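Peer 1: Okay, here's the structure, questions in a sec.
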Amino acid sequence: MPHALVLIALISCSVYSRLWAEQAADRQATPLASQFSWHAPDRGAKVAALIPGRRTPQLTPETLFADWTKAQVERWNKEHPPLPAAEAYQQYAATAPTDAELTADFPVHISPFGRPRGKGSEGPPTQHAVEKADQVLVSYCPFCGSESLSLAFDPKNPYGHATTNCCRTELYASEKDWPADYALKPTATAKFQHLDDTWVEVPCTLHRDRDGTEWELFLKTIFDHKRWLEEGCNRVRQYAQKFEETGDPVCAHKLAVILDKVADTYYGLPLAANNKLCAGKDGKPLTRDEWEAVPRPAIFEVSYLGAWSKRMPYSSPGWLNMMDEHLWVEPFARVRHHPAFKQVSQELYGDPEALDRKVMTKLLRELSLMFQSVFSQKLLHNYQEAIYLDLWMLGALLQDKVLLDFAGPCQELSMYNHTFQDGMNGEGAPNYMDMPGGYYYPVLKDPKGWLQYQPKFLEDNPFYWAASSEMHKVATVRGLELEFGDQHEPCFAPNFSSDPAQVRERERIGSRNWAGYGIGLIRVGGPGHRQEVGLDYTRATLHNAQDALSLECWVDGVPVMRKGGYSAWWSNAHLQWERPEYQALKQMGYPHEIVEGERAFDGWSWIWSHSPLCQNTVTVDETAPGRGWADNRGYGEVITFKGGEAAGEPGSGFQVLDVRDHYSWSRVGKEVSDFRRTLLGVEGPEGRPYVLDVLKLTGGQRHAIYNNGWGERVSDNLPGVSGKADDLTQVFFDGKLPEDTPDYRNYRQLRKIEKLAAPNKPWDLTWKADYAAYAPRDPNGKPFERPLPDGVGQV
Ligand SMILES: [Zn+2]
Numbered sequence: 069m070p071h072a073l074v075l076i077a078l079i080s081c082s083v084y085s086r087l088w089a090e091q092a093a094d095r096q097a098t099p100l101a102s103q104f105s106w107h108a109p110d111r112g113a114k115v116a117a118l119i120p121g122r123r124t125p126q127l128t129p130e131t132l133f134a135d136w137t138k139a140q141v142e143r144w145n146k147e148h149p150p151l152p153a154a155e156a157y158q159q160y161a162a163t164a165p166t167d168a169e170l171t172a173d174f175p176v177h178i179s180p181f182g183r184p185r186g187k188g189s190e191g192p193p194t195q196h197a198v199e200k201a202d203q204v205l206v207s208y209c210p211f212c213g214s215e216s217l218s219l220a221f222d223p224k225n226p227y228g229h230a231t232t233n234c235c236r237t238e239l240y241a242s243e244k245d246w247p248a249d250y251a252l253k254p255t256a257t258a259k260f261q262h263l264d265d266t267w268v269e270v271p272c273t274l275h276r277d278r279d280g281t282e283w284e285l286f287l288k289t290i291f292d293h294k295r296w297l298e299e300g301c302n303r304v305r306q307y308a309q310k311f312e313e314t315g316d317p318v319c320a321h322k323l324a325v326i327l328d329k330v331a332d333t334y335y336g337l338p339l340a341a342n343n344k345l346c347a348g349k350d351g352k353p354l355t356r357d358e359w360e361a362v363p364r365p366a367i368f369e370v371s372y373l374g375a376w377s378k379r380m381p382y383s384s385p386g387w388l389n390m391m392d393e394h395l396w397v398e399p400f401a402r403v404r405h406h407p408a409f410k411q412v413s414q415e416l417y418g419d420p421e422a423l424d425r426k427v428m429t430k431l432l433r434e435l436s437l438m439f440q441s442v443f444s445q446k447l448l449h450n451y452q453e454a455i456y457l458d459l460w461m462l463g464a465l466l467q468d469k470v471l472l473d474f475a476g477p478c479q480e481l482s483m484y485n486h487t488f489q490d491g492m493n494g495e496g497a498p499n500y501m502d503m504p505g506g507y508y509y510p511v512l513k514d515p516k517g518w519l520q521y522q523p524k525f526l527e528d529n530p531f532y533w534a535a536s537s538e539m540h541k542v543a544t545v546r547g548l549e550l551e552f553g554d555q556h557e558p559c560f561a562p563n564f565s566s567d568p569a570q571v572r573e574r575e576r577i578g579s580r581n582w583a584g585y586g587i588g589l590i591r592v593g594g595p596g597h598r599q600e601v602g603l604d605y606t607r608a609t610l611h612n613a614q615d616a617l618s619l620e621c622w623v624d625g626v627p628v629m630r631k632g633g634y635s636a637w638w639s640n641a642h643l644q645w646e647r648p649e650y651q652a653l654k655q656m657g658y659p660h661e662i663v664e665g666e667r668a669f670d671g672w673s674w675i676w677s678h679s680p681l682c683q684n685t686v687t688v689d690e691t692a693p694g695r696g697w698a699d700n701r702g703y704g705e706v707i708t709f710k711g712g713e714a715a716g717e718p719g720s721g722f723q724v725l726d727v728r729d730h731y732s733w734s735r736v737g738k739e740v741s742d743f744r745r746t747l748l749g750v751e752g753p754e755g756r757p758y759v760l761d762v763l764k765l766t767g768g769q770r771h772a773i774y775n776n777g778w779g780e781r782v783s784d785n786l787p788g789v790s791g792k793a794d795d796l797t798q799v800f801f802d803g804k805l806p807e808d809t810p811d812y813r814n815y816r817q818l819r820k821i822e823k824l825a826a827p828n829k830p831w832d833l834t835w836k837a838d839y840a841a842y843a844p845r846d847p848n849g850k851p852f853e854r855p856l857p858d859g860v861g862q863v
């Protein structure tokens, strides 16, 4: 019948329309049908009501927290006799830290800390500081050459004196602190143009490092930066929290005093990233005129200036929402209706409303300019930032429609964008699930969080509970998280559980398949030797690896087949073997030679950890499936999952996970007609676990399967050695890479190769692993003490 209808429609539109009209009339005749009809007159309105943000309340600067602040005042006044406003002002101003202490020499300039002599500090921002100019006095010490600089600030004079931990060089902020023979006295000044078009003069110390590079060092700026973060930022948080808890008006007073200073500084701060400042189109320091004229809002692309920050120049540039660029907004919103706030304004400006106007126009408006032009995540929703409450409040105070329309709905949108059909939050790896898990989901259910504004949020989004909690089950018997995707994998995680009762409890949990995450975990075996083997078929992109149908294996909670994880290259240490701290590292007795992982996106540690060689999967003609950072991934379809019985229950001794891959090979140009992996978990006598891995691959010329053991070989029963090679390039390519690419260079990392004769009988190989083998050592050379009880962590 449907075919006939289509035919009629093709031949005669009028017949089709008549049929359609009759059917529509039928539907209108039925009350129930009309209620849910596609054609119901109110359908559009009903759909529109479901659009994220439609249930978000409309805030205004007049009403936001006005009642709340009033209630805080009343609450305080109940137990404290009110003082006349002027008298209260004097009392609060003298309360320690006094207003004079908070405001004297308040920092106005916080970066750069240094730059190569004669070169400006303007330039394009860099996401990861890897150049010495980015790192000087941040992680590079120009006095001794260490690339792991840290400073010990003098507790008696934290804004005046510090010592480098590497070479014990004393640093001082200003003349009143430095000793007579101080070698790093500034002998010059440098001028920096600020965004309020003033020029700030900074004392400059000239210094030549061991490599002969001449530096201009701005030591005072290090201390001003510290004071800015502590006094201009953290202290605001502390007063705001105390005000919420107690209603104490001294907090409202101090917030007013600090915000008055912060507004001036923030307005003037140049856009900064590491030791760089933002230049305008002409390559000269950015001016207020050009900054005001930058096209806004930058919604889909960052503006031509690039991604920058002001509040925290040494964090990831442009991550404004995640790094709380706007941390002052809520504290301000909660005290601006308070009489003590208005009294500060009265005393400073002779007008109780002047300070409010100043903070609005100099601080909040400036924040809005930042978010609408140099925000690295743009005005696009991103789960890594997820909670946009402060940005929404900023929009409300400024009545800025762009910010309100973007940030209001985001709270709800995160639920839709980052929750699968099965109600789970799936972000490619447990530590990425933790990002919304840590600062998004908790705020949504907190009565002092999002529920203040949208009280029915949890009823309206019932899948909240699975989305926020399922990820916590992706854990093994000793409490460590599974290691799929870009998971951070510690050599030794302190939360590795040694508690027998906890482990016995977790050993009872059966196999599990999370189709939404694209991972399945076969669990078999009795107490003390529970085996957990993960088969990963994730289709998540970005934070992922060449991991189609890859394995991970855990025995008694000890990872024995690991997958490399994130291996973030910008965190790799530069191993300066000539330095004493690295010589000490060498003496610490780690089981294997320590080698440098390189510090670039094509550095070998990054390429290796994301490769099939590390990920326990296969290559076809030395080609791997897509890595996840391009649109070239396939996905896995679960054919059979049999499992889930608690340990010891009938059926728990036989578990199956069978997954077929789709498109992983065709998307990298390989003709493969079948790619399928099946895990069979069987429990033998005395609870001994066996997991059989059946891999089926049809297509291509040469297949290689990689199984990567995290341990030491103790015994084997293998066919005879028929040949040896220095590394895998000798075996596959006669030592000459088909192309000199990072992916091919990977094969050099597999060294000391033995080629074995074809087996004519079953063979076996035994590994042992000690989870504590890479546990931290004492930096002062005390003999290593294994941090786990005997027998725990050793399999
Ligand atoms: Zn040093």
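Heads up: the sequence shown begins at 69 in the working numbering, then just goes up one per residue.
Cβ atoms here follow ideal geometry from the backbone N, Cα and C, with glycine treated the same way.
Predicted model only: the values in this text are computed from it and were never measured.
Using the beta-carbon of each residue, find all residues closer than 5 Å to any heavy atom of ligand 1 and list them in chain order.
Peer 2: Going along the chain, the residues that qualify are C209, F211, C212, S214, T232, C234 and C235.
Peer 1: Start and end of the alpha helix (DSSP H) containing I290?
Peer 2: Numbered from 1 along the sequence shown, position 222 holds the residue referred to as residue 290. Start and end: L287 to R295.
Peer 1: Rounded C-beta distance between L748 and V789? I'm assuming under 8 Å.
Peer 2: Within the sequence shown, numbered from 1, the residue matching residue 748 stands at position 680. Within the sequence shown, numbered from 1, the residue matching residue 789 stands at position 721. Not a contact, Cβ separation roughly 31 Å.
Peer 1: Three or more C-beta pairs closer than 8 Å, one from the segment 613-633 and one from the segment 540-553: is that the case here?
Peer 2: yes
Peer 1: Compute the Euclidean distance between the alpha carbons of N814 and A793, then round it to the nearest angstrom.
Peer 2: Position 746 of the sequence shown, counting from 1, holds the residue named residue 814. Position 725 of the sequence shown, counting from 1, holds the residue named residue 793. Distance between N814 and A793, taken at the CA atoms: about 15 Å.
Peer 1: Measure the alpha-carbon distance for L471 versus K224 and round it to whole angstroms.
Peer 2: Within the sequence shown, residue 471 is the residue found at index 403, counting from 1. Within the sequence shown, residue 224 is the residue found at index 156, counting from 1. Going by the C-alpha atoms only, they are around 43 Å apart.
Peer 1: Does the distance from the CB of T124 to the CB of Q522 come in under 8 Å?
Peer 2: Counting from 1 along the sequence shown, the entry for residue 124 is found at position 56. Counting from 1 along the sequence shown, the entry for residue 522 is found at position 454. A contact, by the Cβ cut-off of 8 Å.
Peer 1: Below 8 Å between beta carbons: does that hold for K288 and A230?
Peer 2: On the sequence shown, position 220 is the one that residue 288 refers to. On the sequence shown, position 162 is the one that residue 230 refers to. No. Outside cutoff.
Peer 1: Indicate the three-state DSSP secondary structure (helix, strand or coil) for R735 in the structure shown.
Peer 2: Within the sequence shown, the letter at position 667 stands for residue 735. Looking at R735 - three-state DSSP - the assignment turns out to be helix.
Peer 1: Helix, strand or coil for V811? Go by DSSP, reduced to three states.
Peer 2: Numbered from 1 along the sequence shown, position 743 holds the residue referred to as residue 811. A small correction: the amino acid at residue 811 is Asp; Val does not occupy that position in the sequence shown. It is helical.
Peer 1: Would you kindly work out how many angstroms separate the C-alpha atoms of L395 and W697, rounded to a whole number?
Peer 2: On the sequence shown, residue 395 is found 327 positions in, with the first residue counted as 1. On the sequence shown, residue 697 is found 629 positions in, with the first residue counted as 1. Taking the straight line from one Cα to the other gives about 32 Å.
Peer 1: In the DSSP assignment, find the beta strand (DSSP E) that holds H229 and state where it starts and stops.
Peer 2: Looking up residue 229 in the sequence shown gives position 161. First-last of the beta strand (DSSP E) with H229: H229 to T232.
Peer 1: Which residue marks the beginning of the beta strand (DSSP E) containing R580, and which one marks its end?
Peer 2: The residue given as residue 580 occupies position 512 in the sequence shown. In the DSSP assignment, R580 falls within the unbroken beta strand (DSSP E) covering R580 to W582.
Peer 1: With a cut-off of 8 Å, do at least 3 Cβ pairs link the segment 187-202 to the segment 342-357?
Peer 2: Of all C-beta pairs linking the segment 187-202 to the segment 342-357, three or more are shorter than 8 Å, placing the two stretches in contact.
Peer 1: Going by DSSP in three states, W622 sits in which element: helix, strand or coil?
Peer 2: One-based indexing of the sequence shown puts residue 622 at position 554. Strand.
Peer 1: Just how far apart, CA to CA, sit V268 and W387?
Peer 2: Here the question's residue 268 lines up with position 200 in the sequence shown. Here the question's residue 387 lines up with position 319 in the sequence shown. Each residue's alpha carbon lies about 26 Å from the other.
Peer 1: Within 10 angstroms of the Cβ of Q683, are there 16 or more other Cβ atoms? Answer buried if so, exposed if not.
Peer 2: Your numbering for residue 683 matches position 615 in the sequence shown. When all chains shown are included, Q683 counts as buried.
Peer 1: Check whether the segment 507-525 and the segment 592-612 are in contact - that is, three or more C-beta pairs closer than 8 Å.
Peer 2: no
Peer 1: If L431 sits next to K378, beta carbons under 8 Å apart, how far is it from one beta carbon to the other, in whole angstroms?
Peer 2: Residue 431 sits at position 363 when you count from the first residue of the sequence shown. Residue 378 sits at position 310 when you count from the first residue of the sequence shown. L431 to K378, Cβ: 11 Å. No contact.
Peer 1: Tell whether a beta-carbon distance below 8 Å holds between D26 and G768.
Peer 2: The requested residue 26 does not occur in the structure, where the chain is confined to residues 69 to 863.
Peer 1: Measure the alpha-carbon distance for E313 versus I587 and round it to whole angstroms.
Peer 2: Within the sequence shown, residue 313 is the residue found at index 245, counting from 1. Within the sequence shown, residue 587 is the residue found at index 519, counting from 1. One C-alpha to the other measures close to 44 Å.
Peer 1: Give the DSSP-derived three-state secondary structure of S80 in the structure shown.
Peer 2: The count along the sequence shown starts at 1 and reaches residue 80 at position 12. In this predicted model, S80 has a pLDDT of only 32, less than 50, meaning its place in the structure is not dependable enough to derive any value.
Peer 1: Is the beta carbon of G584 less than 8 Å from the beta carbon of F488?
Peer 2: Looking up residue 584 in the sequence shown gives position 516. Looking up residue 488 in the sequence shown gives position 420. Closer than 8 Å, so yes.
Peer 1: With 16 other CB atoms within 10 Å as the buried threshold, where does Q159 fall?
Peer 2: The residue you call residue 159 lines up with position 91 of the sequence shown. Taking a 10 Å sphere around the C-beta of Q159, we find fewer than 16 other C-beta atoms and assign the residue as exposed.
Peer 1: Would you mind giving the Cβ-Cβ distance between F291 and Y227, rounded to the nearest angstrom? I have them listed as a contact below 8 Å.
Peer 2: Indexing the sequence shown from 1 puts residue 291 at position 223. Indexing the sequence shown from 1 puts residue 227 at position 159. Confirmed, about 5 Å.
Peer 1: Return the residue from the list A117, G671, V270 and Y658 that minimises the CA-CA distance to P477.
Peer 2: By one-based count along the sequence shown, residue 477 stands at place 409. Considering only alpha carbons, the answer is A117.
Peer 1: Measure the alpha-carbon distance for N145 versus M390 and round it to whole angstroms.
Peer 2: Counting from one through the sequence shown, the residue named residue 145 turns up at place 77. Counting from one through the sequence shown, the residue named residue 390 turns up at place 322. If you take the alpha carbons of N145 and M390, they lie about 37 Å apart.
Peer 1: Once the 5 residues before and after R143 are set aside, which same chain residues still bring their CB inside 6 Å of it?
Peer 2: For the purposes of this step, residue 143 is identified with residue 75 of the sequence shown, where counting begins at 1. Excluding positions up to five away in sequence, the list reads G315.
Peer 1: Per the DSSP calculation, E313 is bridged to which residue(s)?
Peer 2: On the sequence shown, residue 313 is found 245 positions in, with the first residue counted as 1. E313 is not bridged to any residue.
Peer 1: Would you list the one or two residues that DSSP bridges to C272?
Peer 2: Residue 272 sits at position 204 when you count from the first residue of the sequence shown. DSSP, once it has assigned bridges, lists A256 as partnering C272.
Peer 1: Using alpha carbons as the reference points, say which of L448, P498 and E495 lies closest to Q479.
Peer 2: Along the sequence shown, read from residue 1 onward, the residue named residue 479 stands at position 411. Here the closest residue by C-alpha is L448.
Peer 1: Quick one: measure Cβ to Cβ for G711 and G578, integer angstroms, because I've assumed they're closer than 8 Å.
Peer 2: Start at 1 with the first residue of the sequence shown, and residue 711 comes out as number 643. Start at 1 with the first residue of the sequence shown, and residue 578 comes out as number 510. Indeed, because the Cβ distance is near 6 Å, the residues count as touching under 8 Å.
Peer 1: Distance, Cα to Cα, S207 vs M501?
Peer 2: Against the sequence shown, residue 207 aligns to sequence position 139. Against the sequence shown, residue 501 aligns to sequence position 433. If you take the alpha carbons of S207 and M501, they lie about 30 Å apart.
Peer 1: With burial defined as no fewer than 16 other Cβ atoms inside 10 Å of the residue's Cβ, what is the status of K138: buried or exposed?
Peer 2: On the sequence shown, residue 138 is found 70 positions in, with the first residue counted as 1. Answer is exposed; the Cβ neighbour count stays below 16.
Peer 1: Just the Cα atoms here: how many angstroms apart are A641 and R278?
Peer 2: Position 573 of the sequence shown, counted from the start, is the residue given in the question as residue 641. Position 210 of the sequence shown, counted from the start, is the residue given in the question as residue 278. R278 has its alpha-carbon roughly 20 Å from the corresponding atom of A641.
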